[in-house]
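Undergrad: Numbering (our numbering) for the sequence shown: 338 to 852.
Let me begin by handing over the structure; questions about it come next.
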Amino acid sequence: MLPTINTQGDWVVVNKLFGNRFKSLKTGDIVISTSPLDPGRLVIKRIAGMEQDIVDLGLVKKKVPKGHLWLSGDNPSGSTDSRNYGAVPMAMIVGKELKYSSSKHKFLIDGIGRSFSLEEQIELIEQLEFFGLKGPISLNEPKEVFAMYLDYGPLFVEVPIDDSTNIEANVISVNKNEKGKKKNKFTMISTKTSRPDIEKFRKMYFGRKILSAKTSRSLLNKYNLKKRTYLGNTSMEAEMSLVAANMALAEPGKLIYDPFVGTGSFLLVCSEFGAYTFGSDIDGRQIRGTAGFRTGLGGIEANVSSYKLSNYVLGNFISDVTHLPLRNSEFLDAIVTDPPYGVRAGAKKLGRKKGNAPTKSLQLIDGVPNHSREDYYPPTINYEMSDVIVDLLDLAAKYLVVGGRLVFWLPTVTEEYQDTDIPHHPQLKLIANSEQSFGSWTRRLITMEKIVPRTSAAIDSDNIHRENLESIKLGSEIGNLSISNSKASSQEPAHKNFREKYFSKFETPSPKENE
């Protein structure tokens, strides 16, 4: 087990924890030295001989030059490099013992791609005994905090499999079957389910905590869904809402809009950072709190009041995203939303099914046309996911200021996804494409930034035909702004008809079914 430094590989970033001044060095002491082979690296060695000492090397004996120490590798001290380093100038010795050895302290053990039980944490801490910390351990009021982070690599590892491959049952398997090609099977092994061996880490980072940065981790608990007064089945979890707010650069003075507001999760977290927010939804019951499994609680306003954000959440209104009653100008700093994709709630827009004559809306009730009455609710039709995204990009190009951001969640089928599935708009630049994997399907947080004003003579979103918007795709290179009226690809994006794919468990129809 490597507690600190592996001198044979670049595994460790070490903070300078050690004092530069020390006295009374003697043979047998463990010291920290810069490596003669790599001056930029610290190594742990044991003093085998002081200056002017005679060192027995077996076949020969050698006198240690003046001003030098004879260092050798020492496994118990934490170094796996057991080679004799020979005579090393004293100037290369960084320190003998920790400067903070008598202070109250505690250790933090954490991993990337792996968690540790209490017993494993104690085992790792015991490997640090050679530091010689003499001060008492204090978990509540430590003077010094020493942290060890172990990196076990990616959370998912792709492993090809065949009939002879022995794979455990707790892995996620995905099969690919492309036309004209032999069926290729591979397995995504998740380190969350198959825990890697504690000693098989890629890198280890160890250091002393020198500064406490101000973080917002407390907001995860503050906006936990379990603590919400009003909750719906489409409410976004706190962590993902906060990530979206960060990507939108929410800050004091900005105006942020959610066109699919639902239960208002994004309004809360964006306003937490000081932004002014408002939203809309075609289903007013979600806003008012008269739908879902928590009714009669006051809707979004109940959450706004409980979090004391009334000065920042400006309000909400009922509207179809394709018929917004907003002024025709660029005034929004960001649009943050999670479009409905038909799993927990289906997307709707105003309209009638083809061939359905609008006779009912022309009826007179008490002498008043039906469509003019206050209680009239216009008919709606299904809103396919790929159409939602196209309209969302056009909405952002129309209302965002230059530099404003569009941040939205996009569901895709893992097996079918390609970078070209992300729609492209000539006024928007792709900033980030972040992935949250659920195995067979993935939720992607897409972040775009408006780079061209709507008033530009070169590009005007009003003159871009919808059929061209649907055909324009963004290549794998972020920021590629080339535009063509010809279709980039005849293949459907992985988010098209996502609802049907989800409830069919992402099974590909057989050729007979397609016929």
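Note that the Cβ used here is the ideal one computed from N, Cα and C, for glycine as well.
Using beta-carbon positions only, say whether L592 and F668 come within less than 8 Å of one another.
TA: Taking the sequence shown and counting its residues from 1, the one referred to as residue 592 is at position 255. Taking the sequence shown and counting its residues from 1, the one referred to as residue 668 is at position 331. Cβ atoms of L592 and F668: closer than 8 Å.
Undergrad: Write down every uninterrupted run of the beta strand (DSSP E) in the stretch 610-637 whose length is 3 residues or greater and which is fully enclosed by it, in chain order.
TA: 613-618
Undergrad: Count the other C-beta atoms from every protein chain shown that fall within 10 angstroms of the C-beta of Y714, then say buried if there are 16 or more, exposed otherwise.
TA: Translated into positions along the sequence shown, residue 714 becomes position 377. Exposed.
Undergrad: Would you list the one or two residues that DSSP bridges to Q773?
TA: Position 436 of the sequence shown holds residue 773. According to DSSP, which records beta bridges pairwise, Q773 is partnered with R780.
Undergrad: Is V705 buried or exposed, if buried means 16 or more other CB atoms sit within 10 Å of its CB?
TA: Taking the sequence shown and counting its residues from 1, one reaches residue 705 at position 368. With fewer than 16 Cβ atoms within 10 Å of its Cβ, V705 is classed as exposed.
Undergrad: When DSSP builds the beta bridges, which residues end up paired with L701?
TA: Counting from 1 along the sequence shown, the entry for residue 701 is found at position 364. Paired residue(s): P706.
Undergrad: Which residues in the same chain as T614 place their Cβ atom closer than 6 Å to its Cβ, once the five residues preceding and following it in sequence are excluded?
TA: Mapped onto the sequence shown, residue 614 falls at position 277. The answer, listed in chain order, is I593, L604, C607, S608 and V650.
Undergrad: So if DSSP puts K685 in a beta bridge, which residue, or which two residues, is it bridged to?
TA: Sequence index remark: in the sequence shown, residue 685 carries index 348 (1-based). K685 pairs with N719.
Undergrad: Got a sec? Which residues, its chain only, sit under 6 Å from K686 by beta carbon, not counting five neighbours each side?
TA: By one-based count along the sequence shown, residue 686 stands at place 349. These residues qualify, in order along the chain: D657, T659 and Y720.
Undergrad: For the beta strand (DSSP E) that L579 lies in, which residues bound it at each end?
TA: Sequence index remark: in the sequence shown, residue 579 carries index 242 (1-based). Taken as a continuous stretch (DSSP letters only), L579 belongs to no beta strand (DSSP E), being part of the alpha helix (DSSP H) at A575 to M584.
Undergrad: Please confirm if the stretch 547-565 is in contact with the stretch 575-590, defined as three or more CB-CB distances below 8 Å between the two stretches.
TA: yes
Undergrad: Straight-line CA distance for D728 to E829?
TA: In the sequence shown, the residue the question calls residue 728 occupies position 391. In the sequence shown, the residue the question calls residue 829 occupies position 492. Each residue's alpha carbon lies about 17 Å from the other.
Undergrad: Could you please give me the residues that DSSP links to M387 through a beta bridge?
TA: The sequence position of residue 387 within the sequence shown is 50, counting from 1. DSSP, once it has assigned bridges, lists no residue as partnering M387.
Undergrad: By how many angstroms is the C-alpha of K403 removed from the C-alpha of E481?
TA: In the sequence shown, residue 481 corresponds to position 144, counting from 1. In the sequence shown, residue 403 corresponds to position 66, counting from 1. If you take the alpha carbons of E481 and K403, they lie about 37 Å apart.
Undergrad: Where do the N-terminal and C-terminal ends of the beta strand (DSSP E) with S409 fall, by residue?
TA: Here the question's residue 409 lines up with position 72 in the sequence shown. Looking at the DSSP string, the run of the beta strand (DSSP E) that includes S409 is H405 to S409.
Undergrad: On a CA-only basis, which of N707, L737 and N665 is nearest M785? Give me that one, please.
TA: Within the sequence shown, numbered from 1, the residue matching residue 785 stands at position 448. For the residues N707, L737 and N665, the minimum Cα distance to M785 belongs to L737.
Undergrad: Taking 8 Å as the CB-CB cut-off, is R791 touching chain C?
TA: In the displayed structure, chain C is absent; only one protein chain is listed.
Undergrad: By Cβ distance, which residues of its chain are closer than 7 Å to A581, with the 5 residues on each side in sequence left out?
TA: In the sequence shown, residue 581 corresponds to position 244, counting from 1. Here the set comprises F603, V673, V744 and L782.
Undergrad: In the structure shown, what three-state DSSP assignment does L592 receive?
TA: The sequence position of residue 592 within the sequence shown is 255, counting from 1. Strand, per DSSP.
Undergrad: Closest to G741 by C-alpha separation, out of D724, M584, G688 and H708, would be which residue?
TA: As a position in the sequence shown, residue 741 is number 404, starting the count at 1. Answer by Cα proximity: M584.
Undergrad: Output needed for I535: all residues of its chain with C-beta closer than 7 Å, excluding positions within five of it in sequence on either side, in chain order.
TA: Residue mapping note: residue 535 aligns to position 198 of the sequence shown, counting from 1. The answer, listed in chain order, is E457.
Undergrad: Once the 5 residues before and after E478 are set aside, which same chain residues still bring their CB inside 8 Å of it?
TA: As a working mapping, residue 478 is identified with position 141 in the sequence shown. The answer, listed in chain order, is K441.
Undergrad: Given a threshold of 16 other Cβ atoms within 10 Å of its Cβ, counted over all protein chains shown, does K537 qualify as buried or as exposed?
TA: Indexing the sequence shown from 1 puts residue 537 at position 200. Under this definition K537 is an exposed residue.
Undergrad: Strictly by DSSP, which residues pair up with V750?
TA: In the sequence shown, residue 750 corresponds to position 413, counting from 1. W778, per the DSSP bridge assignment.
Undergrad: For H832, count the other beta carbons within 10 Å of its own beta carbon; 16 or more makes it buried, fewer makes it exposed. Which is it?
TA: Numbered from its first residue, the sequence shown carries residue 832 at position 495. It counts as buried.
Undergrad: Check K471 in the structure and name its three-state DSSP category.
TA: Here the question's residue 471 lines up with position 134 in the sequence shown. Three-state DSSP puts K471 in coil, outside helix and strand.
Undergrad: Give me the residue from E752, G652 and T364 with the minimum Cα distance to K838.
TA: For the purposes of this step, residue 838 is taken as the residue at position 501 of the sequence shown. Out of E752, G652 and T364, E752 has the C-alpha closest to the C-alpha of K838.
Undergrad: Going straight from the alpha carbon of Y486 to that of E638, what length do you get?
TA: In the sequence shown, residue 486 corresponds to position 149, counting from 1. In the sequence shown, residue 638 corresponds to position 301, counting from 1. Spanning the two alpha carbons is a distance of roughly 43 Å.
Undergrad: Taking 6 Å as the limit between beta carbons, can you name the residues of its chain near P790, skipping five residues before and five after?
TA: The residue given as residue 790 occupies position 453 in the sequence shown. The answer, listed in chain order, is V739.
Undergrad: Measuring alpha carbon to alpha carbon, tell me which of G688, K690, A733 and A684 ends up nearest S723.
TA: Counting from one through the sequence shown, the residue named residue 723 turns up at place 386. Among G688, K690, A733 and A684, the Cα nearest to that of S723 belongs to A684.
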